[in-house]
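Engineer: I'd like to ask you about the structure that follows.
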Amino acid sequence: MSGTQSSPSKSTDAGSESRAARRWLTPPEIARERGLRTAKILDWIRSGELLAVNLATSPHGLPRWKISAEALAAFDAARSNRASGSLVRTKAAADRRTRRAHSAGVEEFFP
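According to our numbering, the sequence shown is numbered sequentially starting from 1256.
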């Protein structure tokens, strides 16, 4: 009886572990999924744009990067053209250009 009870809990634990493991991707998996080169994904990791965890045995050896689904979603949101505040920045930049164009003391050579 105890063997029967431990089996479902083991399979439940294994199921939750596999679900958790599926939330982590490698750079080649992301590259393949998005039609990019793996080197591009690694560049984003090195620059700090894409957060990743190095699961290599030695920190001085070949890195074994894993990227969480949450980190990938945050990366996508940061690079989206719908990122929050982008309209505000654009309007602020337009205001600066307008102020520069109408600055006092500027002599216009071509009226």
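Built from N, CA and C at the ideal position, the CB exists for glycine as well. The model shown is predicted, which means the values in this text are computed figures rather than measured ones.
Taking DSSP as the reference, what is the three-state secondary structure of Leu1306?
Structural biologist: coil
Engineer: Within the continuous alpha helix (DSSP H) that includes Phe1388, where are the two ends?
Structural biologist: Because residue 1388 is not part of the residues shown, which for the chain are 1256 to 1366, the question remains open.
Engineer: With a 10 Å radius around its C-beta and 16 neighbouring C-beta atoms as the bar for buried, classify Phe1330 as buried or exposed.
Structural biologist: buried
Engineer: Determine the burial state of Leu1327: buried for a count of at least 16 other Cβ atoms within 10 Å of its Cβ, exposed for fewer.
Structural biologist: buried
Engineer: With 16 as the cutoff for other CB atoms within 10 Å, does Glu1362 come out buried or exposed?
Structural biologist: When all chains shown are included, Glu1362 counts as exposed.
Engineer: Using the three-state DSSP reduction, which class does Leu1297 fall into: helix, strand or coil?
Structural biologist: helix
Engineer: In whole angstroms, what separates the C-alpha of Arg1278 from that of Leu1305?
Structural biologist: 15 Å
Engineer: Whose C-beta lies closer than 6 Å to the C-beta of Pro1282 among residues of the same chain, with five residues either side of it excluded?
Structural biologist: Thr1293, Ile1296, Leu1297 and Trp1320
Engineer: Which word fits Leu1280, buried or exposed, when buried means at least 16 other C-beta atoms lie within 10 angstroms of its C-beta?
Structural biologist: Buried: at least 16 other Cβ atoms inside 10 Å.
Engineer: Can you check whether the CB of Leu1317 is closer than 8 Å to the CB of Ala1311?
Structural biologist: Cβ distance < 8 Å, so Ala1311 and Leu1317 count as in contact.
Engineer: If you draw a straight line from the C-alpha of Ser1302 to the C-alpha of Glu1284, how long is it?
Structural biologist: 19 Å
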